Each structure stands twice: as structure tokens, then as C-alpha cells.
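Since the structure comes first, as C-alpha cells, the remarks are kept for the end.
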Amino acid sequence: MAVERRLRIALVGKPNSGKSSLFNALTGLKQKIGNFPGITVDKRTGSCQLNDYTEADIIDLPGIYSLYPRTLDEKIVVEILTNKKGPDFPDRIAVIADATNLRNCLLLLTQVIDLGLPVVLGLNMMDLAAKSGLSLDVKKLSALFDVPVVMLNARQGFGIDELKRQLAGDLKPSGKRIFDTLNGMGSAVDAVKEHFKLSSFYEAFQYLQQPDNLKFLSGQEKDFIKRVASEHSFFPHKYQGAETIHRYGYIQEVLDAVVVKSAKQNWKVGTNRLDQILTHRIWGYVIFLVILFSIFQSVFALAQLPMDAIDRGFADLSAWLNARLPSGPLFELISNGIVPGIGGIIIFIPQIAILFAFISMLEESGYMSRVVFLMDKVMRHFGLSGRSVVPLMSGLACAIPAIMATRTIENWKERLITIFVTPLMSCSARLPVFAILVALIIPDKRVFGLIGLQGAALMGLYLLGFIAALLSALLLKSFVKNTERSFFIMEMPTYKVPKWSNVGFTIVEKTKTFVLQAGKIIIAVSIILWVLASYGPKEVMNQARQVVREQTTNEQLTEEQFENRVAAYKLEHSYAGTIGKFMAPVIKPLGFDWKIGIALITSFAAREVFVSTIATIYSLGSAEDNVTIRNRLKDEINPETGQPQFTPAVGFSLLIFYVFAMQCMSTLAIVKRETKGWKWPLLQLFYMSGLAYTSAFIVFQLLS
Amino acid sequence: MDKTVATMKPGEAAVIAGFSDEPLSVKLLEMGFLPGNVVVFNFAAPLGDPVCVNISGFDVSLRLEEAATISVID
Numbered sequence: 030m031a032v033e034r035r036l037r038i039a040l041v042g043k044p045n046s047g048k049s050s051l052f053n054a055l056t057g058l059k060q061k062i063g064n065f066p067g068i069t070v071d072k073r074t075g076s077c078q079l080n081d082y083t084e085a086d087i088i089d090l091p092g093i094y095s096l097y098p099r100t101l102d103e104k105i106v107v108e109i110l111t112n113k114k115g116p117d118f119p120d121r122i123a124v125i126a127d128a129t130n131l132r133n134c135l136l137l138l139t140q141v142i143d144l145g146l147p148v149v150l151g152l153n154m155m156d157l158a159a160k161s162g163l164s165l166d167v168k169k170l171s172a173l174f175d176v177p178v179v180m181l182n183a184r185q186g187f188g189i190d191e192l193k194r195q196l197a198g199d200l201k202p203s204g205k206r207i208f209d210t211l212n213g214m215g216s217a218v219d220a221v222k223e224h225f226k227l228s229s230f231y232e233a234f235q236y237l238q239q240p241d242n243l244k245f246l247s248g249q250e251k252d253f254i255k256r257v258a259s260e261h262s263f264f265p266h267k268y269q270g271a272e273t274i275h276r277y278g279y280i281q282e283v284l285d286a287v288v289v290k291s292a293k294q295n296w297k298v299g300t301n302r303l304d305q306i307l308t309h310r311i312w313g314y315v316i317f318l319v320i321l322f323s324i325f326q327s328v329f330a331l332a333q334l335p336m337d338a339i340d341r342g343f344a345d346l347s348a349w350l351n352a353r354l355p356s357g358p359l360f361e362l363i364s365n366g367i368v369p370g371i372g373g374i375i376i377f378i379p380q381i382a383i384l385f386a387f388i389s390m391l392e393e394s395g396y397m398s399r400v401v402f403l404m405d406k407v408m409r410h411f412g413l414s415g416r417s418v419v420p421l422m423s424g425l426a427c428a429i430p431a432i433m434a435t436r437t438i439e440n441w442k443e444r445l446i447t448i449f450v451t452p453l454m455s456c457s458a459r460l461p462v463f464a465i466l467v468a469l470i471i472p473d474k475r476v477f478g479l480i481g482l483q484g485a486a487l488m489g490l491y492l493l494g495f496i497a498a499l500l501s502a503l504l505l506k507s508f509v510k511n512t513e514r515s516f517f518i519m520e521m522p523t524y525k526v527p528k529w530s531n532v533g534f535t536i537v538e539k540t541k542t543f544v545l546q547a548g549k550i551i552i553a554v555s556i557i558l559w560v561l562a563s564y565g566p567k568e569v570m571n572q573a574r575q576v577v578r579e580q581t582t583n584e585q586l587t588e589e590q591f592e593n594r595v596a597a598y599k600l601e602h603s604y605a606g607t608i609g610k611f612m613a614p615v616i617k618p619l620g621f622d623w624k625i626g627i628a629l630i631t632s633f634a635a636r637e638v639f640v641s642t643i644a645t646i647y648s649l650g651s652a653e654d655n656v657t658i659r660n661r662l663k664d665e666i667n668p669e670t671g672q673p674q675f676t677p678a679v680g681f682s683l684l685i686f687y688v689f690a691m692q693c694m695s696t697l698a699i700v701k702r703e704t705k706g707w708k709w710p711l712l713q714l715f716y717m718s719g720l721a722y723t724s725a726f727i728v729f730q731l732l733s
Numbered sequence: 025m026d027k028t029v030a031t032m033k034p035g036e037a038a039v040i041a042g043f044s045d046e047p048l049s050v051k052l053l054e055m056g057f058l059p060g061n062v063v064v065f066n067f068a069a070p071l072g073d074p075v076c077v078n079i080s081g082f083d084v085s086l087r088l089e090e091a092a093t094i095s096v097i098d
């Protein structure tokens with residue numbers, strides 16, 4: 030049957046109420062992530078067939094405890110629910126409550142009811158509630174709030190059909206008004222209600238409480254509201270407190286009437302026992318470090334195979350296209366610029382996906398809250414928050430989703446510092462560079478028979494990035510002013526077995542973020558760099574073949590070796606090569622020659638491009654493996670000294686440079702978006718480049 | 025010295041009397057910290073801060089400075 034009706038339905042509920050499970054169960058794979066207009070909050074939407082003739086667009090709104098937001102993301106909820114003319118204003122609302130924490134969840138329900146919106150209450154986690162011994166009179170609950178109540182177990186899909194039926198049905202706003210008058214402030218609310226022609230008392234109250242969070246109001250309208258507030262002595266905090274107390278009073282009466290049997294005192298005994306170990310003063314940290322280390326190891330172990338396959342696949346594709354496509358600048362752009370550019374994005378997907386699988390499992394299980402709890406005090410010394418741990422860990426995969434994950438940090442200063450230092454965490458793009466340089470300068474030996482020197486060096490580089498992040502945070506802490514209050518207050522959810530489909534959705538979401546946000550910039554920059562590296566002054570480029578032929582007449586070169594030499598010559602004389610040579614005096618104190626200079630420039634698309642640039646410039650052809658590149662680099666002679674070019678001093682200097690340098694346009698773009706301006710990304714660029722230059726300089730001068 | 029949630033010991037229970045910080049109190053109220061309710065001190069993080077408390081069956085962690093704004097009577 031044809032769809033005759035489309036409804037817009039918003040899911041609201043507190044964090045950890047199983048809202049995402051429900052959203053996933055309702056929409057399945059038909060979901061997409063976009064942006065709310067004008068702001069950077071992720072907007073998760075999906076479609077769902079409610080019945081034969083009703084289709085619904087479901088919006089999953091950020092988890093909130095009440096309409097008063099604590100974080101950036103949460104501000105969107107009150108705005109959407111009060112902006113009746115807005116494109117996202119829902120026709121219906123489903124408030125999802127955690128049945129084991131009913132009291133806290135009902136607060137939000139009463140606020141939504143008072144806005145006069147049609148709402149269904151979904152009581153989720155009924156299985157846990159039953160296990161806890163809680164018994165509710167659901168019919169009475171429904172009657173007392175005058176809203177339909179559906180019992181759910183979103184993880185198992187129980188109750189979903191009934192919820193769809195209720196949402197598709199003839200849903201009217203509740204006839205109850207829980208908070209609709211308060212001594213001494215009626216006049217202000219009346220004035221606002223009349224001026225804006227609002228239908229409910231509570232809507233006007235919200236206008237008075239948080240005009241600045243309601244983006245749809247014009248500056249004039251906000252001024253009007255503020256004037257009314259001061260004329261009528263409307264005190265937001267005082268009245269907000271009174272509102273909450275009033276609501277809880279009402280909720281307590283309802284609960285007294287509907288709770289047939291309360292939860293047993295000891296139902297959380299499993300969680301409590303786990304907490305005794307997992308937040309133990311010694312074991313807590315030991316376990317966290319072990320988990321961190323295992324994740325780290327598994328990410329590398331598991332990602333290796335798919336990454337190699339992708340690498341080979343794209344090199345083959347590029348070579349295949351080169352052979353098949355007719356020659357000409359456009360086709361070369363495709364086979365040598367665009368295809369490797371796309372390959373350079375795809376290759377990171379395995380690491381990013383696997384790391385986010387682990388992070389999502391830790392979050393789903395409830396363990397991440399314990400990590401935040403354990404680390405908060407330590408992180409605070411550095412101007413960070415316990416909540417900075419997740420972004421910093423994510424930064425080991427890619428700074429882009431990591432920086433977006435900082436939105437859960439409520440305090441602006443803590444969030445800004447986290448954003449600033451996250452790119453110092455060694456992301457997956459640095460690994461190929463580290464791998465080849467470590468192999469070049471560190472002997473493949475074992476100490477005491479077990480610790481591989483190369484592995485230890487690699488670990489050291491990651492550690493160095495982490496320490497640099499912490500110390501930079503400490504530095505920044507004294508420069509950034511704190512403009513707002515910091516609230517930490519955080520729910521400690523009970524431990525649960527992660528739901529695998531939720532983990533899957535998170536992986537898809539984060540990977541998409543990376544591909545879409547970073548991908549387009551990486552492609553654009555790789556095309557620009559390809560042009561810079563392939564073109565140069567015309568006469569020089571045209572004579573390349575001839576010049577190389579003359580230079581190599583005495584050498585017995587194969588056809589392939591000759592072509593590689595031509596490619597190297599062309600790169601040397603290209604615009605990129607010219608820039609590299611121009612830079613040479615600047616990077617000489619770091620031990621870098623113009624060839625490395627070119628690689629530093631091309632690294633700006635993504636750091637791992639270093640490896641392929643080095644391969645081209647040393648006439649190796651692009652599809653060579655690491656061992657070939659390494660051996661070639663070992664043989665490279667410095668024309669000034671007659672000694673090997675890649676001395677340990679140069680290698681270490683280059684490694685340190687790559688640990689610290691900000692060589693990622695995509696990160697800068699995301700930081701600009703998240704901090705709403707160029708100030709912070711530019712500071713970040715100068716700070717990290719300065720740090721990289723100075724450290725590489727010191728290392729080179731000390732070692733040589 | 026006035027007794028606050030910050031001065032409680034693991035396992036201890038007390039009744040919330042009031043708040044000393046208005047902007048913070050609205051957040052605490054929202055999370056269910058209501059005057060007259062019983063708050064149970066679960067445990068503190070290894071470095072003594074933050075702390076984890078239970079309020080009407082709901083486990084919440086707060087920083088010590090936040091806990092110190094909730095005065096209690098035992």
C-alpha cells in the first residue's frame with residue numbers, strides 16, 4: 030500500500046537509557062547522519078515504516094536529563110522542541126525512560142508534557158527492572174500522566190511493534206499540566222506568552238529561562254525577553270530550582286501510586302562487585318593499562334592484513350589504469366592523482382574501524398564511565414577532564430572523529446585544551462612513516478631475548494606523542510581563561526554486555542565521519558599536490574628525458590630504471606621540487622635535504638604520503654615495498670660529506686618531526702569548525718610546527 | 025565544620041539538607057539530589073576525587089568540589 034502519511038518523530042531520553050538501541054531497532058540500516066542547520070551537532074535521522082500507510086522520519090536527539098542543556102550538543106533539544114516553525118519540529122515525541130531509574134527519567138517526560146507536545150512514554154530495560162524486583166502498575170502510570178506507556182526491551186526488540194502502533198495512532202497531547210504556575214513570576218510568563226502568542230505556559234517559561242539557547246529567536250526578540258525578565262524580576266536559577274523540586278514532588282506522588290513493589294536493595298550487587306575491582310586504587314589502573322595495551326596491540330595485529338591488501342589493490346589499480354588509459358594530463362590525474370588519493374583514505378579505514386569497535390564496546394559496557402571516573406583527577410592537573418580520555422584514545426586512530434568526540438566535555442576550557450592537544454596523539458597516518466624510519470635506523474635486534482628494539486622504539490614514539498599532549502595541555506592550562514562553570518556530575522551506569530549491533534552502528538558512523546570529513550580534503554589536497562609534483566617549467570620538463578639520457582649514457586639501465594630516473598628528475602624540477610629546494614636552507618639545521626623537503630610538503634595531504642614521495646624521488650617507482658625503500662635509503666649518500674645521508678641523527682630528527690608536526694589539513698578544518706574560527710587551528714598549526722622544528726633541531730644537533 | 029557529601033565515608037548514608045552553590049544546585053536537583061532525600065556514599069576514586077554516590081537508586085559520580093556544595097544531616 031502506498032504511504033499516505035509522513036510523521037516526524039523525535040526520540041528523547043537521558044543518556045544510557047537505551048535510546049540508541051531503540052533508534053537502531055526502529056530504523057535499522059535506513060539511517061543517516063547530517064548536521065542541524067547552522068550548528069555542528071550531529072543529527073541522526075532514519076526512516077521507519079510505522080504501519081501500512083504511515084512512514085516516520087525518526088530523529089535521535091542527544092541524550093539529556095532535562096530541557097536545560099549541559100553540553101553543546103544538548104542545546105539543540107530544547108531548541109527543536111520549542112521551535113514550532115522549525116524544519117525539525119516533531120509531530121510526535123517518544124520519551125525513552127530507563128525503567129530501573131524511573132524517577133530521573135520522568136523529569137524530562139513532565140517537561141515535554143508541559144510543552145503541550147503529543148508524547149508516548151517508552152519504558153525501556155524492562156528486563157533489568159524485572160530482575161531488580163521492581164513491579165509497576167503501568168496502566169495507572171499511563172492514566173496519571175495521561176500518556177500512552179509502552180514497555181520495551183530495545184536490546185531484544187521487545188515492545189517495538191507496540192511503540193510503532195502507539196506512535197502511528199491517534200496521539201493527542203496529554204491533558205495534564207504538571208508545572209503551570211509559580212508564585213511571583215506569573216506576570217513575566219504571561220507577558221512573554223502574549224507577546225509571542227504561545228499556547229503553553231511552559232513554552233513561555235522556557236523562553237524566559239534560556240533565550241540564548243533558542244537560536245530561532247531574533248536578537249530583538251531576545252532583548253525583549255531579557256527586558257521582561259528584568260522588569261518582572263524573573264530569576265532563572267531560582268525558578269529553575271523551584272521547577273525541578275515541584276516536578277520531583279509530582280513524580281514522587283505518581284511513583285508512590287504506581288510502584289507495586291520496589292527494586293531490591295541489592296540488585297546492583299554484580300556492578301558493585303565489579304566496581305570494587307575496576308576502580309580499585311591499584312588494580313583499577315593496572316586493568317585500564319592492560320586493556321589499553323591489548324586494544325593497541327589488537328588494532329595493529331588485526332588491521333595489518335586488510336591494510337596491506339588495500340595498499341596493494343590501489344597500487345595495482347593505479348598501475349593498471351596507467352597501462353590502459355591513453356596518455357594525457359586528465360588520465361594521469363585519474364591514475365596518479367585521484368586513485369592513490371582515494372587509496373590513501375581507504376587504507377586507514379581498518380585501523381579506525383577496529384579502534385572504534387573497541388572504544389564503542391567499552392562505552393556500551395559501562396566501563397568507559399569508570400575510566401572517566403578513574404582518570405578525572407589525574408587529567409585535571411593538566412587542564413583536561415576525565416572525559417578527555419575517550420577523545421585522546423580516539424586520536425590514536427584519527428584526530429577527526431576524536432575532536433568531534435570532545436563535544437561531551439561540558440566545560441569549554443577543558444574541551445578546547447582537549448581539541449588542541451589531541452592531534453599530538455600519534456594517529457594511524459603517522460604509522461607508515463614511523464615504520465619505515467624505525468626500520469631504517471633501529472637495528473632489528475632483541476634485548477634480553479624478548480623485547481624487540483624496533484617495537485620498543487615504535488612504542489616510545491607513541492608515548493612521546495602522549496607525553497607531548499599532556500605537557501602541552503599543562504602549558505595551555507595557564508593561558509586559556511575559564512569563562513564558564515565546569516560541571517562533572519556523571520551517571521555511573523550498571524555494567525552490561527555490549528550490544529553488538531550498536532557497536533556495528535558506531536563503527537559505521539565513525540568511519541563515515543572520517544571518510545566524509547577528512548576524505549574530501551585529502552582528495553583535494555592530493556590533487557593539488559599531484560599537480561605541483563607533476564608540473565614544472567615547461568622547457569625543463571620537456572627536456573627531462575633527454576637530460577637523463579645524457580646523464581646515464583655510461584650506466585647500463587633497464588627500461589624501468591630509466592623511467593624511474595626520469596620520474597625522479599621530473600619531481601626534482603617540478604613546482605613541488607622547487608619549493609623543496611627553496612625550503613632546503615630552512616630545514617638544513619634539522620638534517621633534512623631538499624628531497625625530504627619535498628616529502629614534507631606532500632605530507633600535507635596526509636602524512637603517509639611521505640612514503641610514496643620518498644619512493645618516487647629516489648627513483649624507485651611507486652609500487653615498491655618497504656624493504657626496497659629502506660635499502661635504497663640506506664645506500665643514499667650525502668653529496669657534501671660522502672657519508673650515508675640517513676644517519677641515525679637524521680632518522681631520529683625526522684621521526685621527532687613527524688611525531689609533533691601538524692601536517693593534516695583535515696584536522697585543521699575540523700578544529701576550525703568545532704572552535705568556530707581560525708584562531709585555534711592557526712595557533713595549533715604554529716605551535717605544533719614550532720614544537721616539531723625545535724625538537725627535531727635539538728635532536729639532530731645533539732646526535733650529529 | 026558543616027557536614028557535606030564531600031566529608032562522608034564509604035558506606036555512609038545521610039539526608040540532603042541543602043546546597044551552597046546556586047548554579048550547581050539546579051544541575052544537582054535535576055539529577056535527583058533533592059533536599060530530604062537519602063544519599064549513600066558508595067566509594068571514592070583512587071585519588072580521593074571524584075566520588076561515587078547513590079541517590080534514590082541512581083549512581084552518580086561528582087567531583088569533590090561539587091560534592092562539597094551539598095550539605096547533609098546524618
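These protein sequence lines map, in sequence, to chains C and P.
Under the numbering used here, the first residue of the first sequence carries the number 30, and numbering increases by one thereafter.
Under the numbering used here, the first residue of the second sequence carries the number 25, and numbering increases by one thereafter.
Where a beta carbon is used, it is the ideal one built from N, C-alpha and C, also for glycine.
No experiment lies behind these values; they were computed from the predicted model shown.
Minimum Cα-Cα distance from L500/C among the listed residues A605/C, M454/C, V615/C and T535/C corresponds to M454/C. Ranked by Cα distance from K442/C, the options G606/C, L487/C and L503/C are led by L503/C. Check the Cα spacing between E36/P and each of L71/P, I79/P and P70/P: the tightest is with I79/P. By the criterion of at least three beta-carbon pairs nearer than 8 Å, the region 681-695 of chain C is in contact with the region 717-724 of chain C. Contacts with chain P (Cβ-Cβ distance below 7 Å) from the region 494-527 of chain C involve R514, F516, F517, I518, M519, E520 and M521, listed in chain order. Three or more beta-carbon pairs separated by less than 8 Å link the region 341-350 of chain C to the region 358-374 of chain C, which places the two stretches in contact.
When M691/C, S389/C and M570/C are compared, the shortest CA-CA separation from M717/C is found for M691/C. Pairing P91/C with E108/C, the inter-Cα distance amounts to about 12 Å. Annotation: Cβ neighbours of V50/P in chain C (cutoff 8 Å, chain order): Y97, H266, Q269, G270 and T273.
By the Cβ criterion, the region 589-603 of chain C is in contact with the region 560-570 of chain C, since at least three pairs of Cβ atoms, one from each stretch, lie closer than 8 Å.
If you check each beta-carbon in the region 298-325 of chain C against every beta-carbon of chain P, the ones closer than 9 Å belong to T300, N301, D304, Q305, T308, H309, R310, I311, G313 and Y314. In the three-state reduction of the DSSP assignment, D473/C falls in the coil class. Listed along chain C is no residue with a C-beta nearer than 8 Å to that of S44/P; the closest approach is about 13 Å. For D83/P, the secondary structure class from DSSP, reduced to helix, strand or coil, is strand. Taking V467/C as reference, the option from F675/C, I316/C, S262/C and L413/C with the minimal CA-CA separation is F675/C.
Taking the CA atoms as reference points, K201/C sits about 8 Å from V148/C. Cβ proximity to chain C below 8 Å picks out N66, F67, A69, P70, L71, G72, D73, P74, C76, S80, G81, F82, D83, V84, S85, L86, R87 and E90 from the region 66-91 of chain P.
Against R132/C, the close residues of chain P are G56 and S80, in the order they occur along the chain (beta-carbon pairs closer than 7 Å). Burial check for G706/C: the Cβ neighbour count within 10 Å stays below 16, so the residue is exposed. Around the beta carbon of R121/C, 16 or more other beta carbons sit within 10 angstroms, so the residue counts as buried.
In the three-state reduction of the DSSP assignment, K104/C falls in the helix class.
For I376/C and D340/C, the gap between their C-alpha atoms comes out near 7 Å. Contact of P34/P with chain C is not assigned, every C-beta pair being separated by 8 Å or more.
For the set P527/C, T540/C, F729/C and L136/C, the Cα lying nearest the Cα of L619/C is the one of F729/C.
Contact annotation for L403/C against chain P: A69 and P70 [CB-CB distance below 8 Å, chain order]. Excluding residues up to 5 positions away in sequence, I381, C456 and F543 lie with their Cβ nearer than 6 Å to the Cβ of C427/C in the same chain. A Cβ-Cβ distance of about 4 Å is found for the pair T631/C and T642/C, placing them in contact under the 8 Å criterion. Relative to S530/C, the option among F52/C, N45/C and G42/C whose CA is nearest is F52/C. Between the region 259-268 of chain C and the region 129-139 of chain C there are fewer than three inter-stretch CB-CB distances shorter than 8 Å, so the stretches are not counted as touching. Here G42/C carries a strand assignment [DSSP, helix/strand/coil].
Contacts with chain P at 8 Å (Cβ-Cβ) do not include V728/C. In this model, L403/C and E90/P are separated by some 17 Å (Cα to Cα). Residues of chain P with a Cβ closer than 7 Å to the Cβ of A126/C do not exist, since the nearest Cβ in that chain sits about 13 Å away. The region 154-161 of chain C makes no contact with the region 69-84 of chain C, as fewer than three CB pairs between them are under 8 Å. Its Cα nearest to that of L731/C, the residue P677/C stands out among L662/C, G162/C and P677/C. If only complete runs of 4 or more residues are kept, the region 436-522 of chain C shows the alpha helix (DSSP H) at 441-450, 460-470 and 482-506, in order along the chain.
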